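Participant: Under our numbering, the first residue of the sequence shown is numbered 13, with each subsequent residue one higher.
Please read through the structure below; I'll follow up with questions.
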Amino acid sequence: MAYIPGTDNDDTLYGTNDPDQILGFGGNDLLVGLNGNDVIQGGNGDDRLEGGEGDDDLWGDAGVDTLVGGAGQDRLIGDADGDKLSGGDGFDTADYVRSGAAITVDLVAGTAMAAGGTTHDRLAGIEAVEGSFYNDELSGNDGYNLLRGNGGNDVIHGLGGADVLDGGFGDDQLWGGDGEDTLTGGAGNDSLFGEAGNDTLKGGDGNDELYGGAGNDSLEGGLGGDRLDGGAGIDTATYGNSNIGVSVSLWAGRADDGDGPDDALLNIENVDGSASGDSLSGDQKANVLKGLGGNDWLVGDLGNDTLDGGSGRDKLYGDSGNDLLDGGAEGDKLYGGSGNDTYVIDSIDDRVDESVADSQGVASGGIDTVRSGYSVSLSNATIFKGDIENLTLTGTGNLNGSGNGLANILTGNTGINTLAGGAGDDTLAGGFGNDTLIGGDGSDTFLFNAALNAVSNVDTITDFSVLDDAINLENAIFTAFTTLGALAADAFHIGSAAQDADDRIIYDPTTGALTYDSNGNAGGGAVQFATLSAGLAPTNADFFVV
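As structure tokens, then:
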């Protein structure tokens with residue numbers, strides 16, 4: 013870094029294209045940084061400082077100075093005694109950390125004045141403000157602002173834009189305004205108001221009050237006994253930074269995070285726990301409870317809840333409502349309670365229990381679904397207890413799934429699957445991939461609802477019965493069919509190819525191939541989508557457009 017000193021006279025000093033340190037000392041100086049990340053200090057006198065390109069620090073010092081940041085992310089340090097601060101291009105900061113008095117900054121009006129002062133700095137092109145260690149009032153504009161109070165009991169208003177407000181030390185008031193703002197109270201007993209937008213509020217140390225306002229907000233009280241009020245919208249109380257496990261009850265409106273008095277919770281719908289073992293319970297609303305790390309105990313209570321255990325060996329209890337239970341990557345115990353519940357199996361050690369009643373005494377029941385990333389059978393009593401109706405295989409692996417004695421819906425993934433319904437009137441949908449479908453006993457339905465491909469998506473139905481079973485065709489895939497319901501008689505043909513313009517579904521009795529022809533005998537539209545046993549005698553009554 014080149015060192016370029018001036019004198020006590022009126023100097024004109026230019027930097028280089030490298031980082032420079034330019035000092036004006038006395039006199040009314042013109043100091044120009046040119047390129048590079050420069051440090052320019054005016055000293056005494058009424059000086060003009062120009063940063064040029066680069067991320068520059070411009071110090072006006074004594075006198076009525078003009079500071080021009082230019083291109084780059086510049087820091088302009090005035091003293092609220094009539095200086096002109098012009099940030100120029102880039103994200104620029106007006107810095108009043110060294111002020112000997114409280115500062116009032118208004119970026120809309122473009123002014124900054126020290127308490128007890130008679131003149132103010134004029135601000136233009138300023139996006140960020142660093143306050144003093146006194147009781148400042150900082151106000152942004154409609155753009156993105158970064159406003160830091162530092163020390164003192166500060167009042168900070170973000171106004172429009174997605175702002176970042178940081179109170180620092182002291183008992184601060186932070187108002188987000190419009191936009192998706194981030195408010196951090198810091199140390200002290202702070203009051204944070206998110207107002208409009210989806211805001212993030214962090215109280216920090218002290219007994220803080222957090223008000224989310226409108227929007228879907230995230231509220232983190234930090235150390236101390238805090239009040240978290242989400243306001244309107246779907247709001248989340250988060251304890252991800254807690255050093256110990258937390259106990260949260262949305263129904264009681266309390267949270268014990270082990271750092272003193274309990275937090276008070278109002279208008280909170282969702283909870284994020286800690287990295288340790290947490291106890292989280294919901295209320296009558298549709299809650300999302302996330303255990304994150306540790307061995308957690310999650311209870312949905314009333315409402316259609318989503319329970320996510322995260323890492324650790326968790327216990328999840330949906331209770332009433334149609335709940336989604338996902339224990340995470342380790343062996344978890346999942347209890348649905350009443351309602352139509354969905355269980356996510358992402359460990360071979362997960363266990364699902366549909367036999368436990370809910371807290372209101374309503375027996376478990378409903379139509380329940382398992383989403384599994386592993387091969388699994390719903391009849392496996394080691395994994396499943398109670399009645400589970402549906403199974404959906406997830407991911408891209410070549411997995412197998414089988415039902416039980418109920419009327420199951422079995423859905424494959426994008427891999428090559430074998431689906432076996434077993435007893436009961438089952439529905440099997442292979443999805444993508446060359447799958448094997450086994451209906452088993454009962455009157456079964458085979459659903460084709462994935463994009464056709466004669467090479468990579470041809471399912472084999474091993475036991476199709478023309479007396480008992482049916483084939484459903486999704487009209488979003490089989491687009492030649494515009495009418496839902498039973499397949500028209502003239503749209504079905506037995507043979508090796510379409511014979512007229514109306515033939516759409518063709519069964520080849522020699523090979524068992526089942527083909528869809530989008531344009532009949534016009535040529536070029538035939539795509540095989542399934543293989544049945546050879547020698548069958550199906551009719552149009554075996555097919556339905558859905």
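Positions of the beta carbon are idealized from the N, C-alpha and C atoms, including for glycine.
Note that the coordinates shown come from a computational prediction; the quantities given were computed from them, not determined experimentally.
Given a cut-off of 8 Å on the beta-carbon distance, is the pair aspartate 317 and aspartate 335 in contact?
Facilitator: Working through the sequence shown from its first residue, we reach residue 317 at position 305. Working through the sequence shown from its first residue, we reach residue 335 at position 323. Contact: yes.
Participant: Residue ranges of each beta strand (DSSP E) run of no fewer than 3 residues wholly in the stretch 225–312, ordered along the chain?
Facilitator: As far as the stretch 225–312 is concerned, its whole beta strand (DSSP E) runs of at least 3 residues are 230–232, 239–241, 248–250, 259–261, 266–268, 275–278, 282–284, 291–293, 300–302, 309–311.
Participant: Quick check on the burial criterion: 16 or more other C-beta atoms within 10 angstroms. Buried or exposed for asparagine 255?
Facilitator: As a first step, residue 255 is located in the sequence shown; it is residue number 243 there, counting from the start. Exposed is the call here.
Participant: Have a look at aspartate 22 and threonine 131 and give me their C-alpha separation to the nearest angstrom.
Facilitator: By 1-based counting over the sequence shown, the position of residue 22 is 10. By 1-based counting over the sequence shown, the position of residue 131 is 119. For aspartate 22 and threonine 131, the distance between alpha carbons rounds to 24 Å.
Participant: Starting from phenylalanine 493 and walking both ways along the beta strand (DSSP E), at which residues does that stretch end?
Facilitator: Taking the first residue of the sequence shown as 1, we reach residue 493 at position 481. Where phenylalanine 493 is concerned, there is no enclosing beta strand (DSSP E), given that its DSSP letter is neither H nor E.
Participant: Would you say isoleucine 357 and glycine 324 are within 8 Å of each other, going by their C-beta atoms?
Facilitator: By one-based count along the sequence shown, residue 357 stands at place 345. By one-based count along the sequence shown, residue 324 stands at place 312. Not closer than 8 Å, so no.
Participant: Any idea which residues DSSP pairs alanine 463 with across the strands?
Facilitator: Your numbering for residue 463 matches position 451 in the sequence shown. In the DSSP output, where bridge partners are listed per residue, alanine 463 has none listed.
Participant: Hey, out of Gly407, Val176, Thr116, whose CA is closest to glycine 191's CA?
Facilitator: The sequence position of residue 191 within the sequence shown is 179, counting from 1. Of Gly407, Val176, Thr116, the residue nearest in Cα terms is Val176.
Participant: Among residues of its own chain, excluding the 5 on either side of serine 98, which ones have a beta-carbon nearer than 6 Å to its beta-carbon?
Facilitator: Along the sequence shown, one-based indexing puts residue 98 at 86. Around serine 98: Val80, Ala136, Gly137.
Participant: Please report the straight-line C-alpha distance between aspartate 95 and arginine 134, rounded to a whole angstrom.
Facilitator: Along the sequence shown, read from residue 1 onward, the residue named residue 95 stands at position 83. Along the sequence shown, read from residue 1 onward, the residue named residue 134 stands at position 122. If you take the alpha carbons of aspartate 95 and arginine 134, they lie about 6 Å apart.
Participant: Exposed or buried, threonine 522, counting other C-beta atoms within 10 Å across all chains shown (16 or more means buried)?
Facilitator: Position 510 of the sequence shown holds residue 522. With fewer than 16 other Cβ atoms within 10 Å, it is exposed.
Participant: Is it true that the CB of leucine 411 sits closer than 8 Å to the CB of threonine 423?
Facilitator: The residue you call residue 423 lines up with position 411 of the sequence shown. The residue you call residue 411 lines up with position 399 of the sequence shown. No, Cβ-Cβ distance for threonine 423 and leucine 411 is not below 8 Å.
Participant: Following the continuous beta strand (DSSP E) through glycine 75, name the residue where it begins and the one where it ends.
Facilitator: Within the sequence shown, the letter at position 63 stands for residue 75. Premise fails: glycine 75 is in no beta strand (DSSP E) and is neither H nor E.
Participant: Taking 8 Å as the cut-off, decide whether the C-beta atoms of aspartate 565 and alanine 140 are in contact.
Facilitator: Nothing in the structure corresponds to residue 565, since the chain is present only between 13 and 558.
Participant: At the level of alpha carbons, what is the spacing between asparagine 307 and tyrosine 347?
Facilitator: Reading the sequence shown from its first residue, position 295 is the one you call residue 307. Reading the sequence shown from its first residue, position 335 is the one you call residue 347. Taking the straight line from one Cα to the other gives about 15 Å.
Participant: Pick out whichever of Thr491, Gly188, Met125 has its Cα sitting closest to the Cα of glycine 155.
Facilitator: Within the sequence shown, numbered from 1, the residue matching residue 155 stands at position 143. The candidate whose alpha carbon is nearest that of glycine 155 is Gly188.
Participant: Return the chain-ordered list of same chain residues with a C-beta closer than 8 Å to the C-beta of aspartate 438, the five sequence neighbours on each side being excluded.
Facilitator: In the sequence shown, the residue the question calls residue 438 occupies position 426. Excluding residues within five positions, the ones whose Cβ falls inside 8 Å are Gly415, Ala419, Asn420, Ile421, Leu422, Gly451, Gly452, Gly454, Asp456, Thr457.
Participant: Which residues bound the beta strand (DSSP E) around phenylalanine 145?
Facilitator: Numbered from 1 along the sequence shown, position 133 holds the residue referred to as residue 145. Phenylalanine 145 -> no beta strand (DSSP E), and no H or E assigned at all.
Participant: In the DSSP assignment, what residue or residues form a beta bridge with tyrosine 4?
Facilitator: The first residue shown for the chain is 13 and the last is 558, placing residue 4 beyond what the model contains.
Participant: Take glycine 407 and list the residues in its own chain whose beta-carbon comes closer than 6 Å to its own, dropping the five residues that flank it on each side.
Facilitator: Counting from one through the sequence shown, the residue named residue 407 turns up at place 395. Within the same chain, glycine 407 has close Cβ partners Gly385, Asn425.
Participant: If the criterion is Cβ atoms closer than 8 Å, does the pair aspartate 295 and leucine 262 meet it?
Facilitator: In the sequence shown, counting from the first residue as 1, residue 295 sits at position 283. In the sequence shown, counting from the first residue as 1, residue 262 sits at position 250. Contact flag set, yes.
Participant: Got a sec? Which residues, its chain only, sit under 8 Å from glycine 434 by beta carbon, not counting five neighbours each side?
Facilitator: To locate residue 434, count along the sequence shown from 1; it is residue 422. Ser391, Ser414, Gly415, Asn416, Gly417, Asn420, Gly452, Asp453.
Participant: In this structure, how does DSSP classify glycine 497 when only helix, strand and coil are distinguished?
Facilitator: Residue 497 sits at position 485 when you count from the first residue of the sequence shown. It is a strand residue.
Participant: Taking the runs of the beta strand (DSSP E) that are 3 residues or longer, which of them lie wholly in the stretch 156–215?
Facilitator: You should have 158–160, 167–169, 176–178, 185–187, 194–196, 203–205, 212–214.
Participant: State the start and end residues of the unbroken beta strand (DSSP E) segment that holds leucine 390.
Facilitator: As a working mapping, residue 390 is identified with position 378 in the sequence shown. Premise fails: leucine 390 is in no beta strand (DSSP E) and is neither H nor E.
Participant: Since I believe glycine 198 is in contact with glycine 180 (beta carbons under 8 Å), could you give me their beta-carbon distance rounded to a whole number of angstroms?
Facilitator: As a working mapping, residue 180 is identified with position 168 in the sequence shown. As a working mapping, residue 198 is identified with position 186 in the sequence shown. Going by Cβ atoms, the distance from glycine 180 to glycine 198 rounds to 5 Å, so yes, they are a contact pair.
Participant: Would you kindly work out how many angstroms separate the C-alpha atoms of serine 371 and glycine 330, rounded to a whole number?
Facilitator: Counting from one through the sequence shown, the residue named residue 371 turns up at place 359. Counting from one through the sequence shown, the residue named residue 330 turns up at place 318. Using only the alpha carbons, I get a separation of about 10 Å.
Participant: How big is the Cα-Cα spacing for glycine 427 and glycine 234?
Facilitator: As a position in the sequence shown, residue 427 is number 415, starting the count at 1. As a position in the sequence shown, residue 234 is number 222, starting the count at 1. So the two alpha carbons sit approximately 46 Å from each other.
Participant: Ends of the beta strand (DSSP E) at valine 117?
Facilitator: One-based indexing of the sequence shown puts residue 117 at position 105. Counting along the chain, the beta strand (DSSP E) containing valine 117 begins and ends at 115–118.
Participant: Less than 8 Å between the beta carbons of leucine 350 and valine 374, yes or no?
Facilitator: Here residue 350 refers to the residue found at position 338 of the sequence shown. Here residue 374 refers to the residue found at position 362 of the sequence shown. It is serine, not leucine, that sits at residue 350 in the sequence shown. Contact flag set, yes.
Participant: Please give me, in chain order, every unbroken run of the alpha helix (DSSP H) with length at least 4 that falls completely inside the stretch 414–444.
Facilitator: Counting whole runs of 4 or more residues, the stretch 414–444 contains no alpha helix (DSSP H) stretch at all.
Participant: Would you identify the three-state DSSP class for aspartate 331, choosing helix, strand or coil?
Facilitator: As a working note, residue 331 is residue 319 in the sequence shown. In this structure, aspartate 331 counts as coil in the three-state DSSP scheme.
Participant: Check asparagine 402 in the structure and name its three-state DSSP category.
Facilitator: Locating residue 402 in the sequence shown gives position 390, where the first residue counts as 1. If DSSP states are grouped into helix, strand and coil, asparagine 402 belongs with the strands.
Participant: Quick test of your reading: leucine 459 and asparagine 487, contact by CB under 8 Å. State the CB separation rounded to the nearest angstrom.
Facilitator: The residue given as residue 459 occupies position 447 in the sequence shown. The residue given as residue 487 occupies position 475 in the sequence shown. Not a contact, Cβ separation roughly 12 Å.
Participant: Report all residues from its chain with a CB closer than 7 Å to the CB of aspartate 514; omit the five preceding and five following residues, and keep chain order.
Facilitator: Taking the first residue of the sequence shown as 1, we reach residue 514 at position 502. Once the five neighbours on either side are set aside, the close Cβ partners of aspartate 514 are Asp502, Ala503, Gly532.
Participant: Taking DSSP as the reference, what is the three-state secondary structure of asparagine 469?
Facilitator: To locate residue 469, count along the sequence shown from 1; it is residue 457. In this structure, asparagine 469 counts as strand in the three-state DSSP scheme.
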